[in-house]
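The sequence shown begins at 9 in this note's numbering and counts up by one.
Even for Gly, the Cβ is constructed at its ideal location relative to N, Cα and C.
Below: one structure, written as structure tokens.
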Amino acid sequence: MKTEVVKITDIRAQQAELARAGKILRGGGLVAFPTETVYGLGANGLDADACANIYAAKGRPSDNPLILHVADRAMVDTIAAEVPAMAEKLLAAFCPGPITLILRRKDIVPDRITGGLQTVGIRMPEHPVARAMIRAAGVPIAAPSANISGRPSPTTAASVLRDMDGRIPLILDGGPCHFGVESTIVDCTEPVATILRPGAITREMLAEVLGGVKLDPAIVGAKTVPKAPGMKYKHYAPDAPMTLLEGPAAKMLPAFRRQIRRLLGEGHRPGVLASTEVTAGLRDILPAERLMDYGPQGDLPTIASNIYEKLIACNDTDADILLGEGTTEQGLGLAIMNRLHKASGFHSIVI
Ligand code: AMP
Ligand code: MG
């Protein structure tokens with residue numbers, strides 16, 4: 009199959025392209041599209057066979073449910089059996105935006121997309137191309153991130169093409185994604201809301217709206233079964249094994265230099281995924297192509313928006329071992345650290 013990439017820069021002028029995407033989706037095909045978090049791989053969310061194509065294209069385990077993307081509040085009611093008060097509050101405060109609500113599902117939602125669960129993940133993206141495409145399709149769009157399962161999520165159309173070339177007919181290119189990490193998943197089916205996956209809507213923002221919010225213990229590495237089935241899988245990992253250095257920013261550069269000297273002494277070709285400050289301080293001992301700069305220390309929005317592209321870039325180097333720099337776990341840092349912990353298989357050195 010030939011994969012076509014179509015740039016969408018003007019939604020009004022490009023209605024024909026969007027109508028074509030809608031037609032492919034209604035016909036059971038797949039279309040990759042931009043959202044404000046990462047690129048999604050979309051299919052008609054009410055068509056089990058169409059969704060089976062997503063699992064095949066990604067190599068995704070069948071027990072890992074898909075999130076349904078809706079264009080507006082009315083579409084939520086077509087798939088959710090009930091919208092509890094806490095979910096109404098989250099819809100009002102954060103939708104459209106980078107948040108996914110887990111709600112009880114209606115029977116119209118196929119078993120195949122929920123992995124047999126009686127709940128469904130619902131998200132209302134804010135990205136204008138995503139919204140226009142869902143409207144053009146006229147149905148909720150099931151969409152996981154548009155990467156091969158286990159790999160970093162794509163935040164540019166070029167990265168989607170790298171994983172999906174030949175597997176899908178169409179990629180809508182809306183430029184780089186704004187946030188760069190996936191939506192915050194909040195389980196709204198219990199009396200107290202629980203974060204199942206941290207994202208751009210932070211724990212602190214949720215607590216402000218809801219009063220209380222819990223964190224699924226699996227997010228911080230507890231050996232419990234995560235409530236979001238997908239969180240149990242190895243994810244975001246670059247090809248070379250990665251160790252994360254965690255500790256105060258001021259101690260990072262000396263700790264990196266120590267670790268790198270040791271690795272060089274052992275005959276390794278270390279690569280580094282770290283801040284501007286740390287990568288700049290390593291130029292005398294490592295070649296520039298093995299220094300992946302994810303942004304200034306403490307600039308969490310920049311780090312989040314760069315993290316996946318830099319993880320992908322690690323695979324373009326000849327590094328045989330990687331060292332990553334941890335951030336704070338406050339605010340957006342919780343989402344960044346969740347991805348870094350998963351990318352490194354929870355292998356960390358505390359400095
Ligand atoms: P992705 O589509 O790659 O962003 O991953 C979606 C994440 O949402 C995975 O971790 C899924 O396991 C999780 N998820 C989707 N639907 C549900 C659900 N009904 N209950 C719990 N987690 C869900
Ligand atoms: Mg994903």
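- In the three-state DSSP reduction, Thr336 falls in the coil class, being neither helix nor strand.
- In terms of CA proximity to Arg270, Ile293 leads the group Ile149, Ile293, Ala208, Leu26.
- Closest by C-alpha distance to Asp18, out of Ile156, Leu180, Leu109, Arg298, is Leu180.
- The DSSP-derived three-state label of Ala201 is coil.
- A Cβ-Cβ contact shorter than 8 Å links Tyr241 with Pro69.
- According to DSSP, residue pairing for Lys15 in a beta bridge involves Asp181.
- Residue pairing by DSSP puts Phe41 in a beta bridge opposite Gly48.
- In this structure, Met94 places its C-beta atom within 8 Å of the C-beta atom of Ala201.
- For Arg266, the uninterrupted alpha helix (DSSP H) segment begins and ends at 257-273.
- DSSP lists no bridge partner for Arg159.
- In the DSSP assignment, Thr127 forms a beta bridge with Arg112.
- Checking the 7 Å criterion, the Cβ of Ser161 is within range of a heavy atom belonging to the ligand MG.
- Pairwise C-beta distances place the stretch 245-256 out of contact with the stretch 127-144, as fewer than three of them are shorter than 8 Å.
- Relative to the ligand MG, the nearest heavy atom lies less than 7 Å away from the CB of Pro152.
- For Thr251, the enclosing beta strand (DSSP E) stretches over residues 250-254.
- The alpha-carbon separation between Gly334 and Asp301 amounts to approximately 13 Å.
- In this structure, the alpha-carbon of Gly273 lies about 15 Å from that of Leu331.
- For Pro136, the enclosing alpha helix (DSSP H) begins and ends at 136-145.
- Between the ligand MG and the CB of Glu190, the shortest heavy atom gap is smaller than 7 Å.
- In chain order, Ala51, Asn52, Asp55, Asp57, Ala58, Asn61 place their CB closer than 8 Å to the CB of Gly36, counting only its own chain and leaving out the 5 sequence neighbours on each side.
- When DSSP states are grouped into helix, strand and coil, His77 belongs to the strand group.
- For Ala21, there is no enclosing beta strand (DSSP E), as DSSP marks it with neither H nor E.
- Closest option to Ile142, judged by alpha-carbon separation, among Gly105, Ala79, Asp85: Ala79.
- In the three-state reduction of the DSSP assignment, Pro278 falls in the strand class.
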